[in-house]
Every structure is written in C-alpha cells, then in structure tokens.
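FYI, in UniProt numbering the residues of the sequence shown are 1 to 148.
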Amino acid sequence: MCDKQVYELTLADIKRYGVWFFPMDDLVEDELTVRPLLKEESGTDYQLIVRAKFFDKYGGEYLGYLYWTCDEAIDSLNPVILLSNGEAISFWSGVVQPSWEVYSKEAQEIRGGMPMTFSSEVIKTLEKKTGVLEGLYFLDGINNVCIK
Numbered sequence: 001m002c003d004k005q006v007y008e009l010t011l012a013d014i015k016r017y018g019v020w021f022f023p024m025d026d027l028v029e030d031e032l033t034v035r036p037l038l039k040e041e042s043g044t045d046y047q048l049i050v051r052a053k054f055f056d057k058y059g060g061e062y063l064g065y066l067y068w069t070c071d072e073a074i075d076s077l078n079p080v081i082l083l084s085n086g087e088a089i090s091f092w093s094g095v096v097q098p099s100w101e102v103y104s105k106e107a108q109e110i111r112g113g114m115p116m117t118f119s120s121e122v123i124k125t126l127e128k129k130t131g132v133l134e135g136l137y138f139l140d141g142i143n144n145v146c147i148k
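Shown next as structure tokens:
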C-alpha cells in the first residue's frame with residue numbers, strides 16, 4: 001500500500017498516480033493520510049486530490065495537485081505546486097497569513113511569474129478544473145485575501 005501523509009506527497013508521487021484519496025478505514029494513520037486511487041476503487045465516496053499543471057506568465061510549467069470539488073473557489077480547490085527540491089507551495093493557507101519569505105529561493109522565483117493559471121487533468125470521470133492564481137491566499141475574517 002502507498003499510504004502517505006498529504007503533506008509528504010512528492011513530484012514523483014503525483015507523476016505516478018494522478019488521483020489520490022483520503023481513505024476512511026482502520027488502516028489510516030489520521031485524517032491527513034492519502035492513498036492512490038487505483039482502477040478497482042471508486043472515488044465517489046472520498047475527498048480527492050487530482051494532478052494539475054500550473055503555467056506562469058512566461059510559459060513556465062509546474063506540476064502539483066488540487067482538491068477536486070464542485071466549487072471553483074481557491075479556498076476549496078487548495079492548489080499546490082510540488083517542486084523538484086521536495087518543497088510544496090500551497091496557495092491557500094486558511095486563517096494563517098502566508099508569506100513568500102518562508103519558501104526557498106526556487107519557490108520565491110515562482111512569485112515573479114504571477115499571475116499563474118492552473119488546470120487539473122481529466123482523469124477517470126473527473127472534469128477539468130481551471131483557475132488563475134495572483135499570489136498566496138488566506139482568510140482574513142470573512143474575506144479571502146491575496147498576498148502578491
């Protein structure tokens with residue numbers, strides 16, 4: 001079994017498996033455990049994350065994932081870029097104000113390529129999700145705020 005914590009997913013993981021799910025069985029460590037969605041499993045009863053491509057304004061391409069949901073809002077999709085150095089850039093931080101300064105130099109260079117578009121892959125029966133990122137987002141009271 002390939003169970004991992006969602007925050008431990010790597011570029012190699014998301015390249016190998018396009019869809020991961022949060023299982024709800026006795027084998028999981030906690031609610032952050034994810035597992036690849038295989039052909040024999042149905043993902044309709046689980047929260048899913050799906051491989052996505054991100055494109056900066058200069059044509060640079062990055063790979064990562066987003067949470068597949070019917071809602072198109074950034075706070076629901078929670079897009080994440082996975083870098084070759086093992087770092088993950090999460091574009092949604094919940095109620096915690098994000099900062100580009102906590103990221104590596106490689107990650108901070110992505111900031112200069114904003115705005116960035118993203119598109120999930122069409123995998124199985126999951127329709128494509130697309131959007132635009134202007135920076136890092138968080139919830140400030142009742143409003144979503146972007147740190148550019």
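Glycine residues also receive a C-beta, built at the ideal position from the N, C-alpha and C atoms.
**DSSP-derived helix/strand/coil call for Lys105** = DSSP, reduced to helix, strand and coil, places Lys105 within a helical segment of the structure shown.
**Prompt:** Is Ile74 helix, strand or coil by DSSP?
**Reply:** Look at Ile74 here: in three-state DSSP terms it is helix.
**Asked** alpha helix (DSSP H) containing Lys15: first to last residue?
**Response** In the DSSP assignment, Lys15 falls within the unbroken alpha helix (DSSP H) covering Leu11 to Arg16.
**Request:** Leaving out five residues on either side along the sequence, give the residues of the same chain with a beta carbon under 7 Å from the beta carbon of Phe55.
**Result:** Glu61, Met116 and Thr117.
**Request:** Between the Cα of Tyr58 and those of Lys129, Leu139, Glu109 and Leu126, spot the shortest distance and give me the residue it belongs to.
**Result:** Considering only alpha carbons, the answer is Glu109.
**Asked** What are the residues that DSSP puts in a beta bridge with Ser99?
**Response** Per DSSP, none; premise fails for Ser99.
**Prompt:** Does DSSP put Tyr46 in a helix, in a strand, or in coil?
**Reply:** DSSP places Tyr46 in coil when its eight states are reduced to three.
**Request:** Could you please give me the residues that DSSP links to Thr130 through a beta bridge?
**Result:** Paired residue(s): Ser119.
**Request:** Identify which residue in Pro36, Gly64 and Glu8 has its Cα closest to the Cα of Leu77.
**Result:** Among Pro36, Gly64 and Glu8, the Cα nearest to that of Leu77 is on Gly64.
**Nearest-angstrom Cβ-Cβ length linking Leu66 and Ile14, presumed shorter than 8 Å** = About 11 Å; that fails the 8 Å criterion.
**Asked** Would Pro23 pass as a contact of Tyr46 if the rule is Cβ separation under 8 Å?
**Response** With contacts defined as CB atoms closer than 8 Å, Pro23 and Tyr46 qualify as a contacting pair.
**Leu139 vs Val95 beta-carbon contact at 8 Å** = Contact annotation: Leu139 and Val95 have beta-carbon atoms nearer than 8 Å.
**Request:** Reducing DSSP to helix, strand and coil, say where Val145 ends up.
**Result:** In this structure, Val145 counts as strand in the three-state DSSP scheme.
**Prompt:** Whose C-alpha, out of Asp26, Tyr103, Asn143 and Ser120, is nearest the C-alpha of Glu87?
**Reply:** Taking each of Asp26, Tyr103, Asn143 and Ser120 in turn and checking the Cα distance to Glu87, the smallest one comes out for Tyr103.
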